[in-house]
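Trainee:
Residue numbers (the working numbering): 192 to 673.
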């Protein structure tokens, strides 16, 4: 099975796609105005104790105060008490070192914890964690024993380490170097906390491209295609240092178009914001995200097979179970999810469909809690939410249909224009263009993203003229060669 990582770099946005056999499996997006916070470490100051919620607000210097619950403020390795009061763990005005574990979502600030976990290529180092754990996906008993013995012999008393799946078969010297690098990182964090005042960021996670390479590049990835020379250069340097055996899989894309254009991924990304998903059996999923939960309705729509209705329903539900797991992961849907499968008369078929869903969700990197079929034929699950879903990240409620639908935000369209322009000017330097778009989109390009537009003009030695057209829908635009 061919698997590839595609990295598309454009002004103000970087997109990373994991593609398997031509199908989009994961999508990561970073926009310059919303850089990811998860993994960052801050020296914060406790501003308020919330006794009723058994939590505290922490000022980390971010737009909104971070949220620290008592369970996340426990001393590392302390699991003896089922409940601890937040007032016994932190006090108002106190400085605390915390790490972001959940991005700000909606009007809520980031969620943080005081237990720091620093990820490397092979290991995760947890200062004062006092335990060695190993990835459950590493199933070989002898290899688990070998790795555990190696790490237990290399750490200091009280240190905690998680052995990652990619550690399988890795030599002791490489593991030791990874551990040493992480311990040095922790020493730097401690030194920074002594030399700065709260609130302050004292450790930033790797940028998205290097983080994805660190966490996802393995022998199962056949190639990494990057369409930006500078990012390609830094990615190659990173791979040569930390995973030299895989460095030759990183390639610079020099053909016309972006990495996504060349692999026909753009339409699959467009499909991610629409609620309806077609199944091969002829059925459909209808995915409706609301503020409180996500509801997924399974329909038979039209069935292409010739078997009876019971078999048709069963086959559609089995396929839907697999697709539900894929769509939750792909769209990054978290929180409460209710799946309304097509009614089945047999408890045996219900069990098989539930098992299929359970199996499909087992490989989800996000924590998922699944409940059995209810008496109404519904399956409820919760999926850990670490950031906004893709749809909420790039769209907003439509003003013209009373909130029934969603449309791309004006900023999303502006980013799409910058992305399209960067492709055009890369292969036609010196060619002038008029950008014709809706007034609200042109306003963003002429103000908020003016610097990005000017940078493109300078790079291409070309003139880019903005033209406002009030007859255009927000999502429509034209690039007209001059």
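Where a beta carbon is used, it is the ideal one built from N, C-alpha and C, also for glycine.
Are the CB atoms of residue 373 and residue 329 within a distance shorter than 9 Å?
Mentor: For residue 329 and residue 373, no; Cβs fall outside 9 Å.
Trainee: If you draw a straight line from the C-alpha of residue 392 to the C-alpha of residue 237, how long is it?
Mentor: For residue 392 and residue 237, the distance between alpha carbons rounds to 15 Å.
Trainee: Helix, strand or coil for residue 531? Go by DSSP, reduced to three states.
Mentor: Residue 531: strand per DSSP, three-state reduction.
Trainee: Is residue 239 helix, strand or coil when you go by DSSP?
Mentor: Three-state DSSP puts residue 239 in a strand.
Trainee: Excluding the five sequence neighbours on either side, which residues of its own chain have a C-beta within less than 6 Å of the C-beta of residue 415, listed in chain order?
Mentor: Counting only Cβ-Cβ distances below 6 Å, and skipping sequence neighbours, we find 196, 440 and 441.
Trainee: Which class does residue 378 belong to by DSSP, given the choice of helix, strand or coil?
Mentor: In this structure, residue 378 counts as helix in the three-state DSSP scheme.
Trainee: On the CB-based measure, 16 or more other CB atoms within 10 Å of its CB, does residue 589 come out buried or exposed?
Mentor: Flag for residue 589 reads exposed.
Trainee: Measure the alpha-carbon distance for residue 206 versus residue 370 and round it to whole angstroms.
Mentor: Approximately 30 Å, taken between the alpha carbons.
Trainee: Is the distance from the Cβ of residue 218 to the Cβ of residue 464 below 9 Å?
Mentor: No. Outside cutoff.
Trainee: Roughly how many whole angstroms lie between the Cα atoms of residue 408 and residue 661?
Mentor: Near 46 Å, if we compare the C-alpha coordinates of residue 661 and residue 408.
Trainee: Please list, in chain order, all residues of the same chain as residue 557 whose beta carbon is under 6 Å from its beta carbon, the five residues on each side excluded.
Mentor: Correct list, in chain order: 574 and 575.
Trainee: Which of the three DSSP states is assigned to residue 255 in this structure?
Mentor: Residue 255: coil per DSSP, three-state reduction.
Trainee: Can you check which of these residues, 211, 193, 223 and 209, is closest to residue 643 by C-alpha distance?
Mentor: Ranking the options by Cα distance to residue 643, first place goes to 223.
Trainee: So, with DSSP's three-state summary, where would you put residue 567?
Mentor: DSSP places residue 567 in coil when its eight states are reduced to three.
Trainee: Would you mind giving the Cβ-Cβ distance between residue 663 and residue 655, rounded to the nearest angstrom? I have them listed as a contact below 8 Å.
Mentor: That pair is no contact at about 17 Å.
Trainee: Rounding to the nearest angstrom, what Cα-Cα distance links residue 586 and residue 601 in this structure?
Mentor: Using only the alpha carbons, I get a separation of about 9 Å.
Trainee: Helix, strand or coil for residue 454 per DSSP?
Mentor: Reduced to three states, the DSSP call for residue 454 is coil.
Trainee: Helix, strand or coil: which one does DSSP assign to residue 412?
Mentor: Coil.
Trainee: How big is the Cα-Cα spacing for residue 533 and residue 405?
Mentor: Taking the straight line from one Cα to the other gives about 41 Å.
Trainee: Under a three-way DSSP split, which group does residue 208 fall into?
Mentor: In this structure, residue 208 counts as strand in the three-state DSSP scheme.
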